[in-house]
Amino acid sequence: MAEYSIKDKVAIVGLGETKYYKRGQAPVSEFQLACEAILKAVADAGITVTDLDGFASYSNDRNDAARLATALGLPHYAWASMVWGGGGGGGSGAVAQAAAAVAAGYAKYVVVFRALAQGQFGRFGQAAYTWPYGLFVPAQWVALRVRRFMHEHRVTQDALAAVVLADYHHAQLNPRAVMYGRPLTREQYDRSRWIVEPFHLYDCCMENDGAAALILTSAERARDLKQKPVYVMAAAQGAPHRAAAAAENSPDYASSHFRTLAPRLYQMAEIGPQDVDVVQIYEHFSGAVPISLVEHGFCEPDGVMDLCRLENFIAPHGKLPLNTSGGNIAECYMHGLELVNEAVRQCRGSSTAQVPGAKIALVASGPMVSPVSDLLVHG
Amino acid sequence: MAENSPYYLPEGLPAPKAQRDGMDAGFWEALRRHELVVQQCARCQSLQFAPEWICHKCQGGNLGWHRVSGRGRLYSWVRSWNPVHPALKQAGPFIIAVVELPDANNLRMVGNLLGDPMQDAPFDAEVEAVFEDHPEATLVQWKLVR
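Residue numbers (our numbering), protein chains in the order written: chain A, 1 to 379; chain B, 1001 to 1146.
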């Protein structure tokens, strides 16, 4: 038995998302998007909005719990929490907080949400020591780490292309996906312009408007609700030693920062990577995925080229189906919360790229930032 | 890159500035003298970069500066194409380098790799510091040691 465990005490019972838009194209405010996604999750769960009594989010979501509770007309709320850190690192961590709040009895129905209308606001702030050298954006510092990993383990562009093509393949099956109806070939990928080597345009996630939400409640309450419950097996958040050291001084540099989390995750769930049926791995940039897969035990570093192949990544019969809704690259960049919803869909059996009999799904949130987080769910 | 410019990147990028609290002033002052330094803990002698207010090894609060040779190893580099800042709009691709300092416990610094932006520099190649004086501050850049 793991020293820390939330296993099977809490279930995910409702999913919601708005229509996903290209950046700047949402016709309503970001706050309205958040409300809409939450109300859809409430409807999906078959509860009433006044049952909600908790909120969890991440990445300094601008739509704070007090405003949402007021706008939604909740009789009260009993839990509000935010995971520290930027990007998508807190996606699974917010689910962990919601699960913890339910298990501890702080709240009965906690909604995890993320809303973004990036056209209405700026993006993340940045740090110093790097700007004078033209190092400004995540694409560049992620590329520096990925290039080191590729050098150390003889990884080629083919591994990155496999991630992107799998995302686009799955998006063609998913009408929610922003890239639905826009298939991508390897030739188009190779011809697309460089953003920063080794990332072509298509290796980079989109920028989108929209919102996503999911509702957690106790396993007991979940039994009487509308949807097949999907249980939280385990969650973990954190980062390795000095992961946020400035000027690229994170000691374990060619890393996605999951090395200290994954063992805790599997121990809590009492399973190993061989038991996972489908994975949703955050891809702000494609090159982070192979490193994340290594750190979750799906292959050795020198086995990346064998695992990271299109045929392995696509549902229904790939060896390790990856990002089955299209992910950040081709469904929607909802800072990875769309990946959590997709993991739940796989365990419900309702994905548009369903893995037959999928029981256990893994989500890895926000590689290379600090903290990152992880989630395992089962049907 | 302008052929006759003394700088690797176009003018107009943010100039480096010591932090307002003074924590890293010694680093920028050393670069002005064309010296490369990292932080050193007076109590446990550990080296540290980027600067912090306390030593990450012993939590001591008395940190000074330790001069290093300026020889390094090209730990990683990328060729960056997208104009991520308005000043880079007219520029072509450029190379960002992460350099490890073997004589400073493999601490790392970020700079540009001087020379042809289309070069294919080998990982782990030996590089040396080149000081690039701007009106407001001095940058440390890197070039391959042939």
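All C-beta atoms in this analysis are idealised placements derived from N, C-alpha and C, irrespective of residue type, glycine included.
It should be emphasised that the depicted structure is a prediction, and the values quoted were computed from it without experimental measurement.
Residue of B:H1066, B:I1096 and B:R1033 minimising C-alpha distance to V1142 of chain B: Counting from 1 along the second sequence, the entry for residue 1142 of chain B is found at position 142. The sequence given here places Trp at residue 1142 of chain B; Val does not occur at that position. It is B:I1096 whose Cα lies nearest to the Cα of W1142 of chain B.
Among B:A1137, B:W1081 and B:E1128, nearest to R390 of chain A - alpha-carbon criterion: Residue 390 of chain A lies beyond the residue range present for chain A, which begins at 1 and ends at 379; the question has no answer from this structure.
DSSP three-state assignment for H200 of chain A, whether helix, strand or coil: On the first sequence, position 200 is the one that residue 200 of chain A refers to. Note: H200 of chain A maps to strand in three-state DSSP.
Short CB-CB distance (under 8 Å) between G125 of chain A and chain B: Here residue 125 of chain A refers to the residue found at position 125 of the first sequence. Only weak support is given to the placement of G125 of chain A: the predicted model assigns it a pLDDT of 37, under 50, and the value that follows is read from those uncertain coordinates. Not closer than 8 Å to any Cβ of chain B, the Cβ of G125 of chain A fails to qualify, so no.
Cβ neighbour criterion (16 or more within 10 Å) applied to V28 of chain A: For the purposes of this step, residue 28 of chain A is taken as the residue at position 28 of the first sequence. With a threshold of 16 other beta carbon atoms within 10 Å, V28 of chain A falls short and is exposed.
A1018 of chain B: CB within 7 Å of a non-hydrogen atom of the ligand NAD: The ligand NAD is absent from the structure shown, which contains no ligands of any kind.
At least 3 beta-carbon pairs within less than 8 Å: the region 236-249 of chain A vs the region 28-47 of chain A: No: the two stretches stay apart, fewer than three of their Cβ pairs being nearer than 8 Å.
Residues within the region 209-235 of chain A neighbouring chain B, beta-carbon criterion of under 7 Å: Taken residue by residue, none of the region 209-235 of chain A has a beta-carbon sitting less than 7 Å from a beta-carbon on chain B.
Status (buried if at least 16 other CB within 10 Å, exposed otherwise) for Q97 of chain A: Position 97 of the first sequence holds residue 97 of chain A. When all chains shown are included, Q97 of chain A counts as buried.
Outcome for F124 of chain A when other beta-carbon atoms lying within 10 angstroms are tallied against a minimum of 16: Counting from one through the first sequence, the residue named residue 124 of chain A turns up at place 124. Summary for F124 of chain A: the model assigns pLDDT 44, below 50, so the residue's position carries little reliability, and this model does not support an answer.
Close beta carbons around G105 of chain A, own chain, < 8 Å, minus the five adjacent residues each side: Position 105 of the first sequence, counted from the first residue, corresponds to residue 105 of chain A. Cβ within range, chain order: n/a, list empty.
Own chain residues within Cβ distance below 8 Å of N174 of chain A, not counting five before or after: Here residue 174 of chain A refers to the residue found at position 174 of the first sequence. Excluding sequence neighbours, N174 of chain A sits near Y180, S325, G326, E331, T352 and A353.
Exposed unless 16 or more other CB atoms sit within 10 angstroms - verdict on N60 of chain A: Position 60 of the first sequence, counted from the start, is the residue given in the question as residue 60 of chain A. N60 of chain A is exposed by the Cβ-count criterion.
Cα-Cα separation between N1004 of chain B and T130 of chain A, rounded to whole angstroms: As a first step, residue 1004 of chain B is located in the second sequence; it is residue number 4 there, counting from the start. As a first step, residue 130 of chain A is located in the first sequence; it is residue number 130 there, counting from the start. So the two alpha carbons sit approximately 24 Å from each other.
Alpha carbon of Q1019 of chain B to alpha carbon of A1025 of chain B, nearest angstrom: Position 19 of the second sequence holds residue 1019 of chain B. Position 25 of the second sequence holds residue 1025 of chain B. Computed Cα separation, rounded: 7 Å.
Cutoff 8 Å: N1082 of chain B Cβ touching any chain A Cβ: As a position in the second sequence, residue 1082 of chain B is number 82, starting the count at 1. It does: the Cβ of N1082 of chain B has a partner Cβ on chain A nearer than 8 Å.
Minimum Cβ-Cβ distance from V13 of chain A to chain B less than 8 Å: Start at 1 with the first residue of the first sequence, and residue 13 of chain A comes out as number 13. Using a CB distance cut-off of 8 Å, V13 of chain A does not count as an interface residue toward chain B.
Neighbour flag for T185 of chain A against chain C, beta carbons, 8 Å: Considering every chain present, this structure includes no chain C. Its protein chains are A and B.
Simplified DSSP state of V1068 of chain B, which is helix, strand or coil: Here the question's residue 1068 of chain B lines up with position 68 in the second sequence. Of the three classes helix, strand and coil, the one that applies to V1068 of chain B here is strand, per DSSP.
Chain A contact residues for A1121 of chain B, given Cβ-Cβ distances below 7 Å: Counting from one through the second sequence, the residue named residue 1121 of chain B turns up at place 121. At a beta-carbon threshold of 7 Å, none of the residues of chain A lie near A1121 of chain B; the nearest stands roughly 11 Å away.
Beta-carbon proximity of C1041 of chain B to Q1048 of chain B, cut-off 8 Å: On the second sequence, position 41 is the one that residue 1041 of chain B refers to. On the second sequence, position 48 is the one that residue 1048 of chain B refers to. Taking 8 Å as the cut-off, the beta carbon of C1041 of chain B is found closer than this to the beta carbon of Q1048 of chain B.
Segment contact, 8 Å Cβ cut-off, at least three pairs: the region 360-368 of chain A with the region 83-91 of chain A: Output reads yes: the region 83-91 of chain A touches the region 360-368 of chain A.
Spatially closest choice to K359 of chain A from A:P290, A:V369 and A:E342, by CA coordinates: Position 359 of the first sequence holds residue 359 of chain A. Nearest option by C-alpha distance: A:E342.
Helix, strand or coil at C1058 of chain B [DSSP, three-state]: Sequence index remark: in the second sequence, residue 1058 of chain B carries index 58 (1-based). If DSSP states are grouped into helix, strand and coil, C1058 of chain B belongs with coil.
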